[in-house]
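Read the structure below first, then the notes.
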Amino acid sequence: MQDFDFHTHRPDTPAGSGIVCLPKAVVLDADAARWTPAPGGLYAAGIHPWWTQDADFSLAAYLRGLERLLEYPEVVQLGECGLDRLRGAAMAEQLSVFRAQAELSERLAVPMTLHCVRAFDLILQARKAWHPRQTWTIHGFRGGPALAEQLLRAGCDLSFGPRHNAEAWNLTPENRRYRETDAE
-4 MQDFDFHTHR PDTPAGSGIV CLPKAVVLDA DAARWTPAPG GLYAAGIHPW WTQDADFSLA
56 AYLRGLERLL EYPEVVQLGE CGLDRLRGAA MAEQLSVFRA QAELSERLAV PMTLHCVRAF
116 DLILQARKAW HPRQTWTIHG FRGGPALAEQ LLRAGCDLSF GPRHNAEAWN LTPENRRYRE
176 TDAE
């Protein structure tokens, strides 16, 4: 579907036309009755690396929320999760949180959507060391063709927003590239 929005934050996205990334409040809501998926809706749930800097951050609480949400068949991705060298907790903590989600992705056979800022080297190292079977898609990819080729060779798919490098888009195989708005 050409108009399919692979990654958006808009809860009013028409059912079946995109994957809505659920907000922190939904991930942390221990009462499953407070959130229910829209009929035909598609969702992603994950621990964003920015949330790791919150004073009350608790990996255990977030993982409980993720496991609960991933029970819904409409929650089709784990994410957005990943690494950010400009914002979030220290990189060691972000890596620990990211690894916990990668393990959950593997255990539940759910693909991951990754937020990555200036940490592609760490994503590539993780793929090489952890050997994931599930798809990892870099969302909002703006890098050039050399980085795109490196990520594709490592097994990552790429999702492109309105601002992207046309060469990177063109070299990415159609079955491994997606369009997104990342809209709020």
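In terms of this note's numbering, the sequence shown has 100 at position 105, counting the first letter as 1, and numbering is strictly consecutive. The beta-carbon is built from N, C-alpha and C at its ideal position, and this holds for glycine as well.
| Query | Result |
| --- | --- |
| Strand pairing of Phe155, partner residues [DSSP] | Arg174 |
| Range covered by the alpha helix (DSSP H) that runs through Ile133 | Counting along the chain, Ile133 falls outside any alpha helix (DSSP H), though it belongs to the beta strand (DSSP E) covering 131 to 133. |
| Rounded separation between Leu90 and Gly83 - CA only | 11 Å |
| Leu64, buried or exposed, once every other Cβ within 10 Å from all chains shown has been counted against 16 | buried |
| Span separating the alpha-carbon of Ala39 from that of Cys16 | 5 Å |
| DSSP three-state assignment for Glu169, whether helix, strand or coil | helix |
| One or two residues paired with Asp0 in a DSSP bridge | Gly13 |
| Contact the stretch 31 to 50 vs the stretch 99 to 113: 3+ CB pairs below 8 Å | yes |
| Own chain partners of Gly35 with C-beta closer than 7 Å, once the 5 adjacent residues on each side are dropped | Ala10, Gly11 |
| Cβ distance (whole Å) where Phe1 is taken to contact Ser154 below 8 Å | 5 Å |
| His134 classed as buried or exposed, judged by whether at least 16 other C-beta atoms fall within 10 angstroms | buried |
| Same chain, Cβ closer than 7 Å to Met(-4), neighbours up to 5 away in sequence not counted | Note that Met(-4) scores a pLDDT of 41, beneath 50, so its modelled location is shaky; the value from the coordinates is reported in the next line. No residues qualify anywhere along the chain. |
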